[in-house]
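Chemist:
In this note's numbering, the protein residues as written are 2 to 248.
Structure (structure tokens):
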């Protein structure tokens, strides 16, 4: 279990911390390696220390652990580095995105079928947290993760081969004009379409002003019409009828 180097689990609300304890207790046959920075605080000494299946640590060799065949699940915040290591090592995951690009990353790997995404707020609900871990441990996610790993391992060209081919191409043909983008020779005005925006911006501003002016005029007409009707009604003579007589 690792939530990266930025997220500080020590400041988690009590409900989240207790939910972790209940989740750990629900899987006594699984050993959890839990990245937790302050091993001297009350939570680590009084709560985590009571559990035989939890190994809290300030730092872990994440890539090496993911490469261990005994590892069955990676609970992660879904940072891009963790996603790359997870997929390259063929491990399923429980994805709990916290901020930045992690939401997109979590949807991406969940769509690939190598794990389950759990909203951050649901971590505080032990029932949902436990259910998500149990679902992520399903064998289908492990099989899919292995399949993705094999696809990455068997791609037509490795990263090293791609780099070498591009360097060889550059060394053979040099700075050829065919590969030079037209934008390289454009001025700042052309590249940013500044001349187009200089025409569009004033026109758009003028249209907005005209629309606002028309709306104000329409509101004034309606208001004056309403006031005129009220004034006309107040000037009408008042008559009273009693029986057949009119006063």
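Positions of the beta carbon are idealized from the N, C-alpha and C atoms, including for glycine.
Remember, it's a predicted structure, so these values are computed and weren't measured experimentally.
If you draw a straight line from the C-alpha of residue 162 to the C-alpha of residue 6, how long is it?
Modeler: 32 Å
Chemist: So what does DSSP say about residue 193, is it helix, strand or coil?
Modeler: coil
Chemist: What residue from 88, 123, 68 and 96 has the CA that sits closest to residue 78's CA?
Modeler: 96
Chemist: For residue 35, is the classification buried or exposed, using 16 other Cβ atoms within 10 angstroms of its Cβ as the cut-off for buried?
Modeler: buried
Chemist: Short of 7 Å in beta carbon distance, which residues of its chain neighbour residue 8, apart from the five on each side in sequence? Order them along the chain.
Modeler: Closer than 7 Å at the Cβ level, and outside the excluded window around residue 8, lie 78 and 99.
Chemist: Does the beta-carbon distance from residue 110 to residue 94 come in below 8 Å?
Modeler: A contact, by the Cβ cut-off of 8 Å.
Chemist: Taking the alpha-carbon positions, what's the residue 15 to residue 30 distance?
Modeler: 25 Å
Chemist: Enumerate in chain order the residues of its own chain whose CB-to-CB distance from residue 145 is below 8 Å, with the five nearest sequence positions on each side excluded.
Modeler: 93, 113, 114 and 115
Chemist: Helix, strand or coil for residue 119? Go by DSSP, reduced to three states.
Modeler: coil
Chemist: Taking the straight line between their C-alpha atoms, what separation do you get for residue 131 and residue 84?
Modeler: 22 Å
Chemist: Whole angstroms are fine: how far does the CA of residue 155 sit from the CA of residue 120?
Modeler: Looking at the two C-alpha atoms, the distance is approximately 33 Å.
Chemist: Could you tell me if residue 90 is buried or exposed, where buried requires 16 or more neighbouring beta carbons within 10 angstroms of its beta carbon?
Modeler: By the neighbour-count rule (16 or more Cβ atoms within 10 Å), residue 90 is buried.
Chemist: Residues in its own chain within less than 8 Å of residue 24 by CB, not counting five upstream and five downstream?
Modeler: 127, 130, 131 and 134
Chemist: Quick check on DSSP: helix, strand or coil for residue 188?
Modeler: Three-state result, residue 188: coil.
Chemist: Exposed or buried, residue 249, counting other C-beta atoms within 10 Å across all chains shown (16 or more means buried)?
Modeler: Coverage of the chain is limited to positions 2 through 248, which leaves residue 249 absent and any answer about it impossible.
Chemist: Using three-state DSSP, classify residue 8 as helix, strand or coil.
Modeler: Reduced to three states, the DSSP call for residue 8 is coil.
Chemist: Can you look up residue 94 in the DSSP assignment and give me helix, strand or coil?
Modeler: strand
Chemist: Starting from residue 76, follow the beta strand (DSSP E) in both directions and report where the run begins and ends.
Modeler: Looking at the DSSP string, the run of the beta strand (DSSP E) that includes residue 76 is 75-77.
Chemist: Here's the rule I'm using: 16 or more other beta-carbon atoms within 10 Å means buried, otherwise exposed. How should residue 3 be labelled?
Modeler: With 16 or more other Cβ atoms inside 10 Å of its own Cβ, residue 3 counts as buried.
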